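First comes the structure, then the notes that go with it.
Protein chains: 2
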Amino acid sequence: MWTVSTSKSSKTETPGHYHHGNLRRALLEAGLERLESTQNPEFSLRELTRIVGVSVNAAYRHFASKEALLAAMAAEGFHRLVVEQAHAVQAHPDKGEGFAEAGRAYVNFARRHPALFRLMFSRFAATSPDREMHASAQLAYSGMLHSLAAVLDKPADDPEVKVGAIQAWSLVHGLSQLIIDGQVDSHTDNVDTLIDEVFKAKLETGFLQKQ
Amino acid sequence: MWTVSTSKSSKTETPGHYHHGNLRRALLEAGLERLESTQNPEFSLRELTRIVGVSVNAAYRHFASKEALLAAMAAEGFHRLVVEQAHAVQAHPDKGEGFAEAGRAYVNFARRHPALFRLMFSRFAATSPDREMHASAQLAYSGMLHSLAAVLDKPADDPEVKVGAIQAWSLVHGLSQLIIDGQVDSHTDNVDTLIDEVFKAKLETGFLQKQ
DNA sequence: GGATGGATGTGAGCAGTGTACACATTCATG
DNA sequence: CATGAATGTGTACACTGCTCACATCCATCC
Numbered sequence: 279m280w281t282v283s284t285s286k287s288s289k290t291e292t293p294g295h296y297h298h299g300n301l302r303r304a305l306l307e308a309g310l311e312r313l314e315s316t317q318n319p320e321f322s323l324r325e326l327t328r329i330v331g332v333s334v335n336a337a338y339r340h341f342a343s344k345e346a347l348l349a350a351m352a353a354e355g356f357h358r359l360v361v362e363q364a365h366a367v368q369a370h371p372d373k374g375e376g377f378a379e380a381g382r383a384y385v386n387f388a389r390r391h392p393a394l395f396r397l398m399f400s401r402f403a404a405t406s407p408d409r410e411m412h413a414s415a416q417l418a419y420s421g422m423l424h425s426l427a428a429v430l431d432k433p434a435d436d437p438e439v440k441v442g443a444i445q446a447w448s449l450v451h452g453l454s455q456l457i458i459d460g461q462v463d464s465h466t467d468n469v470d471t472l473i474d475e476v477f478k479a480k481l482e483t484g485f486l487q488k489q
Numbered sequence: 279m280w281t282v283s284t285s286k287s288s289k290t291e292t293p294g295h296y297h298h299g300n301l302r303r304a305l306l307e308a309g310l311e312r313l314e315s316t317q318n319p320e321f322s323l324r325e326l327t328r329i330v331g332v333s334v335n336a337a338y339r340h341f342a343s344k345e346a347l348l349a350a351m352a353a354e355g356f357h358r359l360v361v362e363q364a365h366a367v368q369a370h371p372d373k374g375e376g377f378a379e380a381g382r383a384y385v386n387f388a389r390r391h392p393a394l395f396r397l398m399f400s401r402f403a404a405t406s407p408d409r410e411m412h413a414s415a416q417l418a419y420s421g422m423l424h425s426l427a428a429v430l431d432k433p434a435d436d437p438e439v440k441v442g443a444i445q446a447w448s449l450v451h452g453l454s455q456l457i458i459d460g461q462v463d464s465h466t467d468n469v470d471t472l473i474d475e476v477f478k479a480k481l482e483t484g485f486l487q488k489q
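The listed protein sequences correspond, in order, to chains A and B. Per this note's numbering, the very first residue in the first sequence carries number 279; after that it's consecutive. Per this note's numbering, the very first residue in the second sequence carries number 279; after that it's consecutive.
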């Protein structure tokens, strides 16, 4: 996808490509693809630079460390998640359904990209002072917060909305984690119907009831 | 704590200690302590053996790989979690309260041992074929399942119980994860009261209602 | 249009890692 | 007390993240 410009060509991409043609982006893509394609999500910086076809240290012109690369990948993951959730919300005229669908989208995102999902919430996500990543995560949260506020017809800073948002996020996040850990698979036949059941029960008895 | 037996002494511990005195246990303890005591939960096998005062490869007589050591540490974590939850359940005569208290114990375990908690649910927990660890995790799940079955006064294999258990586990697990990721801290003043609120809301409207 | 300086990529090298292999020591048991 | 198994040690190897000095390329200005 990202071809090296051997001498002077391939000016087809976005600006900011000096020798390689946006090496930063290429490394990110390679890393993300690596997460998707293999069983073992551990990878070395050297492996990525080998894939991209560049010397090891070229990476250090774009990322201060391997950790910084991982943080950028996580941020990209949050961006994609936010997009998918926004789509889910907008696809449903009924706000309650839209909110529930966003939850389903969350779980399915985790199922489709388990390694990326883990990366997004791994240790360094809490530790690293990466600004971009925290901003992305914040975006995901505030999106859900406002969606729930619309459902409950209350301001976003209403305590009930805040607690409800954390509750919903916890449920969805926990379910995602347990599923990708294979800790739910072993107890149920079909994960899809389980998700439906969990959500249905939630809808009937839980916080989505405007009471 | 684990002193090396220079020549022939320190037979004070459980059997199975040849040269060192249960090196396996010592490595586990060192690893767990390492997780508690430091900011950066990454550690090398060599570091652990240095702490214990033994050559690097001695560890390989007790663990097939570093991954196996991590799996054993995770299993130990599950054991401790199960113990704390059991205590929480038994401390309350009312079964519903006991169940809720077990949930609180779950969250607090994660808060007190964030690195260990992460390890227990990290990538390799799903990947690794470590039998002991999966057995321990299973134990945690079935304990909660039976506790909920008692609350609802239904058999443990009742679909409603199963769904409720996964729901409860998801909520508690997700909340734990979000808290230790610092993703909740930034939105609320006091985590403790938040937990109470989440649980209270759950108790009032959720699956704990016998309807 | 050619010089200049900053952005970008390269190569060698360092300390540290996980682990395999051959060997040494110690223990339980005959 | 000899023997074999269990346990610990030393050496070595391929690999890692990362630093430093150097090479290359591009945009820009005279």
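C-beta: ideal position from N, C-alpha, C; glycine also. Predicted, not measured: the structure shown is a model, and the values here were computed from it.
Contact check, A:A380 vs A:S425, beta carbons under 8 Å: Along the first sequence, one-based indexing puts residue 380 of chain A at 102. Along the first sequence, one-based indexing puts residue 425 of chain A at 147. By the CB criterion at 8 Å, A:A380 and A:S425 fall inside the cutoff.
Kindly indicate which three-state DSSP category A:S322 falls into: helix, strand or coil? Stepping through the first sequence from its first residue, residue 322 of chain A is reached at position 44. Reduced to three states, the DSSP call for A:S322 is coil.
Please identify the residue among B:S406, B:L313 and B:V462 whose C-alpha is closest to the C-alpha of A:G460. Within the first sequence, numbered from 1, the residue matching residue 460 of chain A stands at position 182. Here the closest residue by C-alpha is B:S406.
Compute the Euclidean distance between the alpha carbons of B:A352 and A:K432, then round it to the nearest angstrom. Along the second sequence, one-based indexing puts residue 352 of chain B at 74. Along the first sequence, one-based indexing puts residue 432 of chain A at 154. When rounded, the distance between both Cα atoms is 43 Å.
To which residues of the same chain is A:V332 closer than 7 Å at the C-beta, ignoring the five residues directly before and after it? The residue labelled residue 332 of chain A in the question sits at position 54 within the first sequence. So the qualifying residues of the chain are H298 and L301.
Tell me which residues share the same chain as B:D384 and place their Cβ nearer than 6 Å to its Cβ, disregarding the 5 neighbours each side in the sequence. Working through the second sequence from its first residue, we reach residue 384 of chain B at position 106. Rather than Asp, the amino acid found at residue 384 of chain B in this sequence is Tyr. Excluding the 5 residues flanking it on each side, B:Y384 has same chain C-beta neighbours closer than 6 Å at V450, in chain order.
Contacts of B:V476 in chain A (Cβ-Cβ under 8 Å): Position 198 of the second sequence holds residue 476 of chain B. What B:V476 touches in chain A: V441, I444, Q445 and S448.
Residue from A:A304, A:H391 and A:V361 whose Cα sits closest to the Cα of B:Y401: Reading the second sequence from its first residue, position 123 is the one you call residue 401 of chain B. The amino acid occupying residue 401 of chain B in the given sequence is Arg; Tyr does not appear at that position. Out of A:A304, A:H391 and A:V361, A:H391 has the C-alpha closest to the C-alpha of B:R401.
Please return the same chain residues whose Cβ sits closer than 7 Å to the Cβ of B:A364, not counting the five positions on each side in sequence. Within the second sequence, the letter at position 86 stands for residue 364 of chain B. Once the five neighbours on either side are set aside, the close Cβ partners of B:A364 are G421.
For B:L301, which residues in chain A fall below 8 Å Cβ to Cβ? Stepping through the second sequence from its first residue, residue 301 of chain B is reached at position 23. Chain order gives no chain A residues near B:L301, where near means a beta carbon separation below 8 Å; the closest approach is about 27 Å.
Look at the Cβ atom of A:I457, then the Cβ atom of A:F395, and state whether they are nearer than 8 Å. Taking the first sequence and counting its residues from 1, the one referred to as residue 457 of chain A is at position 179. Taking the first sequence and counting its residues from 1, the one referred to as residue 395 of chain A is at position 117. For A:I457 and A:F395, no; Cβs fall outside 8 Å.
Answer yes or no: does any C-beta atom of chain A fall closer than 8 Å to that of B:I329? Position 51 of the second sequence, counted from the start, is the residue given in the question as residue 329 of chain B. Chain A contact via Cβ: absent.
Within 10 angstroms of its Cβ, does A:F399 collect 16 or more other Cβ (buried), or is it exposed? As a working note, residue 399 of chain A is residue 121 in the first sequence. Buried: at least 16 other Cβ atoms inside 10 Å.
What is the C-beta distance between B:A350 and B:F341, in whole angstroms, given that I count them as a contact (C-beta under 8 Å)? By 1-based counting over the second sequence, the position of residue 350 of chain B is 72. By 1-based counting over the second sequence, the position of residue 341 of chain B is 63. Contact flag correct, Cβ pair sits at about 7 Å.
Taking the alpha carbon of B:K373 as the point to measure from, which residue in B:S343, B:R324, B:A404 and B:V429 has its own alpha carbon closest? Your numbering for residue 373 of chain B matches position 95 in the second sequence. When only C-alpha atoms are compared, the closest one is B:V429.
Quick check on the burial criterion: 16 or more other C-beta atoms within 10 angstroms. Buried or exposed for A:T327? Translated into positions along the first sequence, residue 327 of chain A becomes position 49. A:T327 is buried by the Cβ-count criterion.
Under three-state DSSP, which class holds B:P371? Here the question's residue 371 of chain B lines up with position 93 in the second sequence. Coil at B:P371, not helix or strand.
Assign B:V462 to buried or exposed, taking buried as 16 or more other Cβ atoms, counted over all protein chains shown, within 10 Å of its Cβ. Within the second sequence, numbered from 1, the residue matching residue 462 of chain B stands at position 184. Label assigned to B:V462: buried.
If contact means a Cβ-Cβ distance below 9 Å, which residues of the stretch 312 to 340 of chain A contact chain B? Hits within the stretch, in order: Q317, N318, P319 and E320.
If we ignore side chains and look at the alpha-carbon of each, how far apart do A:R312 and A:A366 end up? Taking the first residue of the first sequence as 1, we reach residue 312 of chain A at position 34. Taking the first residue of the first sequence as 1, we reach residue 366 of chain A at position 88. Cα to Cα, A:R312 sits roughly 27 Å from A:A366.
For B:S322, is the classification buried or exposed, using 16 other Cβ atoms within 10 angstroms of its Cβ as the cut-off for buried? Along the second sequence, read from residue 1 onward, the residue named residue 322 of chain B stands at position 44. It counts as exposed.
Our contact map puts B:V439 next to B:L453 with C-beta atoms below 8 Å; I'd like the distance itself, whole angstroms only. For the purposes of this step, residue 439 of chain B is taken as the residue at position 161 of the second sequence. For the purposes of this step, residue 453 of chain B is taken as the residue at position 175 of the second sequence. Actually they are not in contact, since the Cβ atoms of B:V439 and B:L453 sit about 21 Å apart, beyond 8 Å.
Neighbourhood of A:L423 by C-beta, 8 Å cutoff - its chain only, sequence neighbours within 5 removed: Taking the first residue of the first sequence as 1, we reach residue 423 of chain A at position 145. Only A434, V439, K440 and A443 meet the Cβ criterion.
Is the shortest distance between the beta-carbon of A:Y384 and the beta-carbons of chain B less than 8 Å? On the first sequence, position 106 is the one that residue 384 of chain A refers to. The beta carbon of A:Y384 sits no closer than 8 Å to any beta carbon of chain B.
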